[in-house]
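What follows is a single structure, written as structure tokens, with notes after it.
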Amino acid sequence: MKLFETFDLKTIFIMLVFAGLVVGGLQLAFMWLWVLSSGAIPAYEGGVHVIAGLVAALLAINGLLRVYTSYRTKS
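Numbering (the working numbering), first residue to last: 1181 to 1255.
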């Protein structure tokens, strides 16, 4: 397979970790949006969690792209 010819196992593992962090951050943000939409808690309490989840997802995307581009420029 072409993917395993260009990437080593360590890089694939690091990229999977960052991809998991992206999914986790988005899942956290949308879970808190669901809680907010039910009216169970005030908006000022859950809004912080939504923003934190989205920021975490953006930082994980940044890390994923940095690993990908740094490996591409090395080879």
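Quick reminder that beta carbons are idealized off the backbone N, C-alpha and C, glycines included.
This one's a predicted model, so the numbers in the text were calculated from it and none came from an experiment.
{"Asked": "Buried or exposed: where does leucine 1244 fall if 16 or more other Cβ atoms within 10 Å of its Cβ makes it buried?", "Found": "buried"}
{"Asked": "Helix, strand or coil: how does DSSP classify glycine 1274 here?", "Found": "No information on residue 1274 is available, as it lies outside the stretch 1181 to 1255 that the chain covers here."}
{"Asked": "Note down, in chain order, each residue of its chain lying with its Cβ closer than 6 Å to the Cβ of valine 1202, except the 5 sequence neighbours on either side.", "Found": "Ala1237, Ala1240, Ile1241"}
{"Asked": "Measure the CB-CB distance between glycine 1200 and glycine 1233 and report whether it falls below 8 Å.", "Found": "no"}
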